[in-house]
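J.: Just dropping this structure here.
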Amino acid sequence: DAKTTQPTSMDCAEGRAANLPCNHSTISGNEYVYWYRQIHSQGPQYIIHGLKNNETNEMASLIITEDRKSSTLILPHATLRDTAVYYCIVRPLGDYKLSFGAGTTVTVRA
Amino acid sequence: NAGVTQTPKFQVLKTGQSMTLQCAQDMNHNSMYWYRQDPGMGLRLIYYSASEGTTDKGEVPNGYNVSRLNKREFSLRLESAAPSQTSVYFCASRRRGGEGNQPQHFGDGTRLSIL
Chain A
11 DAKTTQPTSM DCAEGRAANL PCNHSTISGN EYVYWYRQIH SQGPQYIIHG
61 LKNNETNEMA SLIITEDRKS STLILPHATL RDTAVYYCIV RPLGDYKLSF
111 GAGTTVTVRA
Chain B
24 NAGVTQTPKF QVLKTGQSMT LQCAQDMNHN SMYWYRQDPG MGLRLIYYSA
74 SEGTTDKGEV PNGYNVSRLN KREFSLRLES AAPSQTSVYF CASRRRGGEG
124 NQPQHFGDGT RLSIL
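Order-wise, the sequence lines are chains A and B. So for the first sequence, the working numbering puts the first residue at 11; every next one is plus one. So for the second sequence, the working numbering puts the first residue at 24; every next one is plus one.
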């Protein structure tokens with residue numbers, strides 16, 4: 011399984027873009043990059059996932075480098091409600107489980 | 024559309040008691056999962072069900088049993104609760120097939136304390 015490396019914590023200002031990095035230098039060709047977040051006392055929430063192309067949805071954008079060894083999750087306009095632990099996970103197509111590491115604790119400040 | 028619903032939300036048990044955690048999803052998903060999350064740690068998979076009628080062990084299955092009652096429901100049973108099973112339990116479901124790799128969707132958890 012490809013391991014991921016994320017910063018332990020980061021702060022960002024409300025209304026600004028939040029850029030969350032993730033390194034996955036041992037990723038294999040059939041492994042997807044997923045991002046989830048967990049707001050305090052709630053279940054993990056799916057944000058976005060991608061294989062090699064950049065992806066965007068109503069919550070965020072995912073930028074994957076051309077060599078696929080790293081990615082960045084972008085929250086375009088962070089709000090206080092985006093304060094959460096963000097997890098970057100790499101899993102092969104069709105795999106049955108997710109392995110959540112420590113993630114990045116993101117604090118959005120007013 | 025409720026998504027994944029877990030009951031109860033909170034429970035306190037005494038050592039040796041048994042209980043069943045319930046999970047239901049209304050998204051017509053094929054696969055369902057049970058995880059536990061301990062303080063400061065990531066989620067660990069207990070059991071999963073790839074489709075109705077099948078169940079398989081995950082990373083930490085000891086002390087638990089599961090039942091995939093139908094496509095919607097997947098229950099987790101503690102036959103003889105131990106303090107080490109104090110945790111937050113999350114149920115998740117996922118649609119199989121389709122384009123790409125479908126994500127898992129989680130319930131809000133059951134907070135279980137065993138005294």
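Virtual Cβ for every residue (Gly too), placed ideally from N, Cα, C.
Looking at the structure shown, is Arg47 of chain A part of a helix, part of a strand, or coil, going by DSSP?
T.: Reduced to three states, the DSSP call for Arg47 of chain A is strand.
J.: Determine the closest residue to Arg100 of chain B out of B:Lys94, B:Gln108, B:Val89, with distance taken between C-alpha atoms.
T.: Nearest of B:Lys94, B:Gln108, B:Val89 to Arg100 of chain B, Cα basis: B:Val89.
J.: According to DSSP, which residues form a beta bridge with Pro4 of chain A?
T.: Past the edges of chain A, shown from 11 to 120, lies residue 4 of chain A, and the structure says nothing about it.
J.: In chain A, what lies closer than 8 Å to Arg44 of chain B by C-beta?
T.: The amino acid at residue 44 of chain B is misidentified as Arg; the sequence shows Leu. The contacting residues do not exist; Leu44 of chain B stays about 13 Å from chain A at best.
J.: Taking the continuous beta strand (DSSP E) assigned at Thr114 of chain A, which residues delimit it?
T.: It spans 114-119 - the beta strand (DSSP E) in which Thr114 of chain A sits, taken as one unbroken run.
J.: Pull the bridge partners of Arg91 of chain B from the DSSP assignment, please.
T.: Its beta-bridge partners are B:Phe97.
J.: Would you identify the three-state DSSP class for Gln108 of chain B, choosing helix, strand or coil?
T.: Here Gln108 of chain B sits in helix by DSSP.
J.: For the beta strand (DSSP E) containing Gly60 of chain A, list its first residue and its last residue.
T.: 55-60 is the extent of the beta strand (DSSP E) around Gly60 of chain A.
J.: How far does the beta strand (DSSP E) with Leu90 of chain A in it reach, from first residue to last?
T.: Counting along the chain, Leu90 of chain A falls outside any beta strand (DSSP E), and DSSP gives it neither H nor E.
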